[in-house]
Amino acid sequence: MVEHAYPTQEVERLDSTQLAKIIADVAVEKKAHDVTLLDIHEQSVIADYFVICTGNNSRQIKAIASAIEDKLDELNESTRGFEGDSDSGWMLLDCGDVIVHIFGPMEREFYRLERLWSSAPSVVYVQ
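Structure, rendered in C-alpha coordinates:
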(Lines of atoms letter the chains of each structure in order from A; the text may use other names.)
(Lines give C-alpha, C1' and ligand atoms only; values in the text may rest on other atoms or scores of the structure.)
Protein backbone atom coordinates (compact mmCIF):
# COMPACT_ATOMS: atom_id res chain seq x y z
CA MET A 171 0.00 0.00 0.00
CA VAL A 172 1.35 3.40 -0.99
CA GLU A 173 0.75 6.35 1.27
CA HIS A 174 0.40 9.71 -0.36
CA ALA A 175 1.55 12.76 1.45
CA TYR A 176 -0.74 15.64 0.69
CA PRO A 177 0.33 19.05 1.77
CA THR A 178 -1.88 20.45 4.45
CA GLN A 179 -2.73 24.06 4.38
CA GLU A 180 -3.08 25.54 7.81
CA VAL A 181 -5.60 28.31 8.14
CA GLU A 182 -4.22 31.20 10.11
CA ARG A 183 -6.68 32.16 12.82
CA LEU A 184 -7.37 35.74 13.73
CA ASP A 185 -6.55 36.75 17.27
CA SER A 186 -9.43 37.95 19.43
CA THR A 187 -8.50 41.63 19.05
CA GLN A 188 -8.53 41.44 15.26
CA LEU A 189 -11.78 39.48 15.28
CA ALA A 190 -13.51 41.91 17.64
CA LYS A 191 -12.50 44.92 15.53
CA ILE A 192 -13.71 43.24 12.32
CA ILE A 193 -17.06 42.43 13.96
CA ALA A 194 -17.40 46.03 15.18
CA ASP A 195 -16.62 47.28 11.65
CA VAL A 196 -19.31 45.01 10.16
CA ALA A 197 -21.85 46.33 12.67
CA VAL A 198 -20.96 49.91 11.72
CA GLU A 199 -21.28 49.05 8.01
CA LYS A 200 -24.80 47.76 8.72
CA LYS A 201 -25.63 51.11 10.36
CA ALA A 202 -25.67 49.84 13.94
CA HIS A 203 -25.27 52.68 16.38
CA ASP A 204 -23.61 53.02 19.76
CA VAL A 205 -21.12 50.32 18.78
CA THR A 206 -18.92 49.58 21.77
CA LEU A 207 -16.00 47.20 22.00
CA LEU A 208 -15.15 46.26 25.60
CA ASP A 209 -11.95 44.47 26.58
CA ILE A 210 -13.18 42.06 29.27
CA HIS A 211 -10.27 39.62 29.37
CA GLU A 212 -9.13 40.90 32.80
CA GLN A 213 -12.64 40.59 34.26
CA SER A 214 -13.87 37.33 32.78
CA VAL A 215 -12.81 33.90 31.60
CA ILE A 216 -15.76 33.58 29.20
CA ALA A 217 -14.32 35.84 26.49
CA ASP A 218 -11.76 38.52 25.70
CA TYR A 219 -14.15 41.06 24.18
CA PHE A 220 -17.76 42.12 24.09
CA VAL A 221 -19.02 43.90 20.99
CA ILE A 222 -22.23 45.70 21.93
CA CYS A 223 -24.38 47.55 19.43
CA THR A 224 -27.90 48.76 18.79
CA GLY A 225 -30.19 48.19 15.83
CA ASN A 226 -33.23 50.41 15.32
CA ASN A 227 -35.69 47.54 14.78
CA SER A 228 -35.92 43.76 14.45
CA ARG A 229 -35.05 43.80 10.75
CA GLN A 230 -31.88 45.76 11.36
CA ILE A 231 -30.92 43.55 14.33
CA LYS A 232 -31.30 40.49 12.11
CA ALA A 233 -29.34 42.16 9.27
CA ILE A 234 -26.47 43.02 11.62
CA ALA A 235 -26.31 39.45 12.94
CA SER A 236 -26.47 37.98 9.43
CA ALA A 237 -23.72 40.29 8.16
CA ILE A 238 -21.47 39.31 11.07
CA GLU A 239 -22.09 35.60 10.44
CA ASP A 240 -21.38 36.07 6.72
CA LYS A 241 -18.11 37.87 7.46
CA LEU A 242 -17.06 35.14 9.89
CA ASP A 243 -17.79 32.49 7.26
CA GLU A 244 -15.71 34.45 4.76
CA LEU A 245 -12.82 34.47 7.24
CA ASN A 246 -13.21 30.76 8.05
CA GLU A 247 -14.21 31.68 11.58
CA SER A 248 -17.37 30.28 13.05
CA THR A 249 -19.90 31.12 15.69
CA ARG A 250 -20.37 28.67 18.49
CA GLY A 251 -24.02 29.54 18.73
CA PHE A 252 -26.47 32.29 19.37
CA GLU A 253 -29.20 33.24 21.81
CA GLY A 254 -32.29 35.36 21.43
CA ASP A 255 -33.80 36.53 18.19
CA SER A 256 -34.39 39.80 16.43
CA ASP A 257 -38.04 39.95 17.51
CA SER A 258 -37.04 39.85 21.19
CA GLY A 259 -34.86 42.94 20.77
CA TRP A 260 -31.68 41.11 21.70
CA MET A 261 -29.37 38.69 19.95
CA LEU A 262 -26.14 37.25 21.26
CA LEU A 263 -23.57 35.67 18.96
CA ASP A 264 -20.91 33.52 20.61
CA CYS A 265 -17.80 33.89 18.47
CA GLY A 266 -15.48 32.19 20.94
CA ASP A 267 -13.28 34.85 22.47
CA VAL A 268 -15.66 37.54 21.23
CA ILE A 269 -19.28 37.78 22.38
CA VAL A 270 -21.57 40.01 20.32
CA HIS A 271 -24.67 41.62 21.83
CA ILE A 272 -27.08 43.24 19.38
CA PHE A 273 -29.87 45.12 21.12
CA GLY A 274 -32.93 47.11 20.23
CA PRO A 275 -32.90 50.62 21.76
CA MET A 276 -35.14 49.81 24.76
CA GLU A 277 -33.32 46.57 25.53
CA ARG A 278 -29.94 48.30 25.35
CA GLU A 279 -31.10 50.89 27.85
CA PHE A 280 -32.62 48.24 30.12
CA TYR A 281 -29.61 45.91 30.29
CA ARG A 282 -26.86 48.58 30.28
CA LEU A 283 -24.02 46.13 29.79
CA GLU A 284 -21.46 48.91 29.67
CA ARG A 285 -22.46 49.88 33.19
CA LEU A 286 -22.41 46.28 34.39
CA TRP A 287 -18.92 45.85 32.89
CA SER A 288 -17.76 49.39 33.75
CA SER A 289 -14.36 48.18 34.92
CA ALA A 290 -13.62 46.88 31.41
CA PRO A 291 -11.73 49.30 29.17
CA SER A 292 -13.68 50.54 26.16
CA VAL A 293 -11.52 49.97 23.08
CA VAL A 294 -13.89 51.43 20.48
CA TYR A 295 -17.03 53.50 20.66
CA VAL A 296 -18.87 54.62 17.53
CA GLN A 297 -22.14 56.52 17.75
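Position 123, counted from 1, in the sequence shown is what this note's numbering calls 293; the numbers after and before it change by one each time, with no gaps.
Glycine residues also receive a C-beta, built at the ideal position from the N, C-alpha and C atoms.
Taking just the CA atoms, how far does residue j sit from residue i?
{"i": "MET261", "j": "GLY274", "result": "9 Å"}
{"i": "TYR219", "j": "LYS191", "result": "10 Å"}
{"i": "MET248", "j": "GLU239", "result": "Going by the sequence as given, residue 248 is Ser instead of Met. Roughly 8 Å separates the two Cα atoms."}
{"i": "VAL221", "j": "GLU253", "result": "15 Å"}
{"i": "GLN213", "j": "LEU207", "result": "14 Å"}
{"i": "ARG282", "j": "LEU245", "result": "30 Å"}
{"i": "ASP185", "j": "SER236", "result": "21 Å"}
{"i": "ASP284", "j": "LYS241", "result": "Going by the sequence as given, residue 284 is Glu instead of Asp. Taking the straight line joining both Cα atoms gives about 25 Å."}
{"i": "HIS203", "j": "ASP209", "result": "19 Å"}
{"i": "THR224", "j": "HIS211", "result": "23 Å"}
{"i": "ARG183", "j": "LEU189", "result": "9 Å"}
With residue i as the anchor, note down where its beta strand (DSSP E) starts and where it stops.
{"i": "ILE269", "result": "268–273"}
{"i": "THR144", "result": "Past the boundaries of the shown model lies residue 144; the chain is included only from 171 to 297, so the question cannot be answered."}
{"i": "GLU253", "result": "251–255"}
{"i": "TRP260", "result": "260–264"}
{"i": "ILE222", "result": "219–224"}
Which first and last residues belong to the alpha helix (DSSP H) in which residue i is found?
{"i": "THR187", "result": "186–199"}
{"i": "ASP240", "result": "228–244"}
{"i": "ARG285", "result": "283–286"}
Going by beta carbon distance, what residues of the same chain come within less than 8 Å of residue i, once the five residues before and after it are set aside?
{"i": "ARG250", "result": "ASP264, CYS265 and GLY266"}
Pop quiz: residue i and residue j are said to be a contact at Cβ under 8 Å. What is the actual Cβ separation, rounded to whole angstroms?
{"i": "GLU279", "j": "GLY259", "result": "In fact, because the Cβ distance is near 11 Å, the residues do not count as touching under 8 Å."}
{"i": "ALA217", "j": "ILE269", "result": "5 Å"}
Between residue i and the rest of its own chain, which residues show a CB-CB distance below 6 Å, the 5 nearest in sequence each way excluded?
{"i": "TYR295", "result": "THR206"}
{"i": "SER256", "result": "SER228, ILE231 and LYS232"}
{"i": "ALA197", "result": "VAL205, CYS223 and ILE234"}
> Can at least three beta-carbon pairs, one atom from the region 228–247 and one from the region 281–295, be found at a separation below 8 Å?
Replying inline: Not touching, per the Cβ criterion.
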